[in-house]
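All the letters of the sequence shown, read from the start, carry residue numbers 36 to 310 under the working numbering. In what follows, a structure is listed as structure tokens, so that the remarks can point back to it.
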Amino acid sequence: MSGDLRQALEEADLFARKSLGQHFLLDLNLTGKIGRLAGIQPGETVLEIGPGPGGLTHALLASPAAKVIVVEKDPRFVAHLGRFFADHLDRLSVIEADALAIDEAALLASHGAKGPARIISNLPYNVGTPLLVKWLKAGPWRGPMCLMFQTEVAERICARPGSSHYGRLAVLAAARCTARLALHVPRLAFVPPPKVESAIVVLEDHQSPFDDLAGLEHLTAHAFGQRRKMLRASLKGLGNCEAILDAAGINPTARPETIEPEGFFALTKAWRAQA
Ligand code: SAM
């Protein structure tokens, strides 16, 4: 099948476009491993963003998912996927769209998806972070996520306080999910190889999430915007910051990289309460 996939790409003269962040996984052993990491359960709907040639889509179709919905911006690959997976179109829907602009809830409903959809993606690097933040804010349509990022971004998502990687992204992710770096994927696993190393992050939702992501984004922009400053200085723009810090039980002389995500949730609540 791997040979078939490469052959299909050659026959259709499908080359990678840099402008769309195209670095493909054509080794079906590796895509199968990523598919298993995703932990797809029987009957689930899977939403794949940026399927490209379909190496990962192949693994998703081999899983017990009831429905696989893929969203691809490049029309060349939309046509290719329809041809390559012609025998699977009872379970597979191929949508041509920009993932940054889609309304996932409406898309899933229009395809009869049942329950939350698991998101799986080898993301284009330039849109990975905005898409993750969009999905962290998402409603009940979204299930667990299994996503590829450049390693540096993966480390920022999974970082804990005290680490140099710890910042806004880790706090936003921790508001909704438990994130773990599940697999390092070397540059040479991609065709063509990107300049940077990559890693898969698996994100599972908490039972009791912190839901004010917009407030948390605002507050952490202040806190980490000047990460070497004490919080009483960096949060000054938020109004009575001494009172906010006091209400949240946070030491005003602390620096942001030492504060647990829960501290930022408490600060956001205290800021909202005084606004
Ligand atoms: N999943 C494929 C694989 O692993 O071989 C392709 C991965 S490639 C890194 C990223 C894919 O995302 C490309 O197919 C690209 O065309 C697509 N893409 C880029 N920007 C997109 C966007 N905004 N919305 C949907 N797809 C996008």
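Think of the CB as a built atom: it goes at the ideal place given N, C-alpha and C, for glycine as much as any other residue.
Residue i: buried (16+ other C-beta within 10 angstroms of its C-beta) or exposed?
{"i": "Glu45", "result": "exposed"}
{"i": "Ser98", "result": "buried"}
{"i": "Phe50", "result": "exposed"}
{"i": "His219", "result": "exposed"}
{"i": "Asn157", "result": "buried"}
{"i": "Arg215", "result": "exposed"}
{"i": "Pro159", "result": "buried"}
{"i": "Ser243", "result": "exposed"}
{"i": "Leu24", "result": "Outside the displayed range of the chain (36 to 310) lies residue 24, so it cannot be described from this structure."}
Can you name the start and end residues of the alpha helix (DSSP H) that residue i belongs to?
{"i": "Arg118", "result": "110 to 119"}
{"i": "Glu79", "result": "Neither: Glu79 is in no alpha helix (DSSP H) and is coded neither H nor E."}
{"i": "Lys102", "result": "No alpha helix (DSSP H) holds Lys102; the beta strand (DSSP E) holding it covers 102 to 107."}
{"i": "Gln185", "result": "Note, Gln185: premise wrong, no alpha helix (DSSP H); beta strand (DSSP E) at 177 to 185."}
{"i": "Leu302", "result": "296 to 309"}
{"i": "Thr164", "result": "163 to 171"}
{"i": "Glu252", "result": "248 to 260"}
{"i": "His93", "result": "90 to 96"}
For residue i, which of the options has the nearest alpha-carbon?
{"i": "Arg118", "options": "Ser145, Ile75, Gly147, Gly87", "result": "Gly87"}
{"i": "Ile130", "options": "Leu142, Ala121, Asp122", "result": "Leu142"}
{"i": "Glu79", "options": "Pro229, Lys149, Arg215, Asp125", "result": "Lys149"}
{"i": "Arg307", "options": "Asn286, Arg41, Glu252", "result": "Glu252"}
{"i": "Asn275", "options": "His257, Ala310, Val106, Gly284", "result": "Ala310"}
{"i": "Glu107", "options": "Ala100, Leu116, Ile192", "result": "Leu116"}
{"i": "Gly202", "options": "Ile294, Asp109, Lys304", "result": "Ile294"}
{"i": "Ile104", "options": "Glu139, Ala114, Gly70", "result": "Glu139"}
Looking at ligand 1, does it come within less than 6 Å of residue i, judged from the CB to the closest heavy atom?
{"i": "Asp133", "result": "yes"}
{"i": "Asn64", "result": "no"}
{"i": "Pro86", "result": "yes"}
{"i": "Leu96", "result": "no"}
{"i": "Pro99", "result": "no"}
{"i": "Val162", "result": "yes"}
Which whole-angstrom value is the C-beta distance of residue i and residue j, which I expect to be below 8 Å?
{"i": "Leu63", "j": "Gly89", "result": "The pair is not a contact, with the Cβ atoms about 10 Å apart (cut-off 8 Å)."}
{"i": "Pro179", "j": "Arg153", "result": "5 Å"}
{"i": "His58", "j": "Leu96", "result": "21 Å between Cβ atoms; not a contact."}
{"i": "Leu65", "j": "Leu40", "result": "The pair is not a contact, with the Cβ atoms about 12 Å apart (cut-off 8 Å)."}
{"i": "Phe299", "j": "Leu254", "result": "6 Å"}
Determine the extent of the beta strand (DSSP E) in which residue i is found, giving its start and end residues.
{"i": "Val236", "result": "233 to 240"}
{"i": "Asn157", "result": "152 to 157"}
{"i": "Thr66", "result": "First-last for Thr66: 63 to 72, but that is the alpha helix (DSSP H), not the beta strand (DSSP E)."}
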